[in-house]
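**Q** Here's a structure for you.
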Amino acid sequence: MISKELKVRLDTFVDAILAIIITIMALELPAASWANHGNILTFLLAVAVYAVSFCFVANIWYQQATLFSTVNVIPRRVVLLEFLLTFLLSLVPPLTRLMSGDVENLSVMLYGALYLLITLVFRYIAETVVHQQTDDKDRMHEIYTSIYGQHNLENSILLAGLIGLAFFWPWVAYILYLIIPIRSFLTIDDDQRELTAITDMEPSGQKSYLDMTHTQQTQFRHLIGRYVRDTRRAKDQTSREAAWRTFSDTAQKQFDISASQLAQWFRATSQEAMRPEGNQADNGRRTRTRPASKS
Numbered sequence: 001m002i003s004k005e006l007k008v009r010l011d012t013f014v015d016a017i018l019a020i021i022i023t024i025m026a027l028e029l030p031a032a033s034w035a036n037h038g039n040i041l042t043f044l045l046a047v048a049v050y051a052v053s054f055c056f057v058a059n060i061w062y063q064q065a066t067l068f069s070t071v072n073v074i075p076r077r078v079v080l081l082e083f084l085l086t087f088l089l090s091l092v093p094p095l096t097r098l099m100s101g102d103v104e105n106l107s108v109m110l111y112g113a114l115y116l117l118i119t120l121v122f123r124y125i126a127e128t129v130v131h132q133q134t135d136d137k138d139r140m141h142e143i144y145t146s147i148y149g150q151h152n153l154e155n156s157i158l159l160a161g162l163i164g165l166a167f168f169w170p171w172v173a174y175i176l177y178l179i180i181p182i183r184s185f186l187t188i189d190d191d192q193r194e195l196t197a198i199t200d201m202e203p204s205g206q207k208s209y210l211d212m213t214h215t216q217q218t219q220f221r222h223l224i225g226r227y228v229r230d231t232r233r234a235k236d237q238t239s240r241e242a243a244w245r246t247f248s249d250t251a252q253k254q255f256d257i258s259a260s261q262l263a264q265w266f267r268a269t270s271q272e273a274m275r276p277e278g279n280q281a282d283n284g285r286r287t288r289t290r291p292a293s294k295s
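The letter at position 138 of the sequence shown is residue 138 when you use full-length UniProt numbering, and the numbering goes up by one with no holes.
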């Protein structure tokens, strides 16, 4: 394990590299005169590729920032993987320029291969860090696999398939590469929100969740995700209570989980939802002042 101070410096280093990468991609957009209408199309294509690469890099940054905010120390092998990840990300600008300058099979295939490799490296980093957060490694592995496993497999197969597609129809693969990162960017919080909710459950709830079928697990996580979104949007205690009741009633109908059992699984969450407004405010003040008392 590395120290907390070294982890902070690693976070700063990665943030700086990603900021530079995005800046370089923006500076490399073509700036030819639009008097020639052909330059307009070239510019728009370059902007489209830049938008994709921006979403891709920003997505990696956000997921990493969210992931690393949950731990104070990380294994040394993660540091080495972070260096590998930043090296691969530093190749995004030249390959972005190559693909935007000439949409042909080799340039699109190289971009796709880099995309796939970065995704695989980051997923390994994420799995390593997530598993570190609990003493029950086997259970955490099952939870992580249930949430990310199918998605990661499908995404990897899709990216590998697009590399093959680019050999025959580079323009088709090019267009799909415009869609996939943007879609991931727009749904950036979903998997992480569901993972956090499941890992915060009581052990009995986690066991029951893992005993569900894959389809039931997916439906249950989506239900949790909707509840978390509703509570974040809630502006008062009445809205929070309504969100919990909706969540509880739906879970009982879909999965035959009683309200009391659900409250047991999500003990802290259910107590927060039903806590009087004044007590919540007091608790918020205590939570905010706690770090100062430690220092």
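Every residue gets a Cβ at the ideal spot worked out from N, C-alpha and C, and that includes glycine.
1. In whole angstroms, what separates the C-alpha of L176 from that of E241?
2. Starting from the Cα of H222, find the closest Cα among K207, T250, P203, T238 and give me that residue.
3. Check for me: the alpha helix (DSSP H) holding I21 runs from which residue to which?
4. Which of the three DSSP states is assigned to V130 in this structure?
5. Who are the near neighbours of I157 in its chain, counting only those whose CB is closer than 7 angstroms to its CB and skipping five residues on each side?
6. Any beta carbon of chain D sitting closer than 8 angstroms to that of A234?
7. Can you tell me whether F87 is helix, strand or coil according to DSSP?
8. Measuring alpha carbon to alpha carbon, tell me which of Y209, L41, F54, L153 ends up nearest R183.
9. Taking the continuous alpha helix (DSSP H) assigned at T231, which residues delimit it?
10. Anyone know if the C-beta pair for E5 and P93 falls short of 8 angstroms?
11. Using a Cβ-Cβ cut-off of 6 angstroms (strictly less than) and excluding sequence neighbours within five positions of A259, which residues of its own chain qualify?
12. Going by beta carbon distance, what residues of the same chain come within less than 8 angstroms of L114, once the five residues before and after it are set aside?
13. Which residues mark the beginning and the end of the alpha helix (DSSP H) in which E202 is found?
14. So, I129 versus V78, is the Cβ gap smaller than 8 angstroms?
15. Out of L10, R245, V52, I22, point me to the one whose CA is closest to I179's CA.
16. Cα separation between V73 and I2?
17. Closest to I224 by C-alpha separation, out of I163, I198, D256, would be which residue?
18. With a threshold of 16 other CB atoms inside 10 Å of the CB of R232, please say whether the residue is buried or exposed.
19. Using the Cα positions of E106 and W169, report the straight-line distance between them to the nearest angstrom.
20. By DSSP, does A31 sit in helix, in strand, or in coil?
21. Count the other CB atoms within 10 Å of the CB of P181; is the residue buried (16 or more) or exposed (fewer)?
22. Give the straight-line distance between the Cα atoms of Q254 and G164, rounded to the nearest whole angstrom.
23. Under 8 angstroms, do M109 and A160 count as touching if we go by C-beta distance?
**A** From the atom records:
1. Linking L176 to E241 through their CA atoms gives a straight-line distance of about 42 angstroms.
2. With respect to the C-alpha of H222, the residue from K207, T250, P203, T238 having the closest C-alpha is T250.
3. Annotation: the continuous alpha helix (DSSP H) that includes I21 extends over 4-27.
4. In the structure shown, V130 sits in a helix (DSSP, three-state: H, G or I).
5. Nothing listed; no residue qualifies.
6. Structure shown: chain D not included; a single protein chain is present.
7. The answer is helix: DSSP assigns F87 an H, G or I state.
8. Of the candidates Y209, L41, F54, L153, the one whose C-alpha sits nearest the C-alpha of R183 is F54.
9. Where T231 is concerned, the enclosing alpha helix (DSSP H) starts and stops at 214-233.
10. Cβ atoms of E5 and P93: not closer than 8 angstroms.
11. Apart from sequence neighbours up to five positions away, the residues of its chain that approach A259 with a beta-carbon distance below 6 angstroms are S248, ordered along the chain.
12. Once the five neighbours on either side are set aside, the close Cβ partners of L114 are L88, L91, V92, L95.
13. Element bounds for E202: n/a, residue is neither H nor E.
14. The identity of residue 129 in the sequence shown is Val, whereas the question assumes Ile. Yes, the pair counts as a contact, with Cβ atoms nearer than the cut-off.
15. Checked all of L10, R245, V52, I22; the closest Cα to I179 is V52.
16. Their backbone Cα atoms lie some 6 angstroms apart in a straight line.
17. It is I198.
18. Counting C-beta atoms within 10 angstroms of its own C-beta, R232 has fewer than 16 neighbours from the protein chains shown and is therefore classed as exposed.
19. According to the sequence displayed, residue 106 carries Leu and not Glu. Answer to the nearest angstrom: the Cα atoms are 11 angstroms apart.
20. Coil, per DSSP.
21. Under this definition P181 is a buried residue.
22. Rounded to the nearest angstrom, the two C-alpha atoms are 41 angstroms apart.
23. Cβ atoms of M109 and A160: not closer than 8 angstroms.
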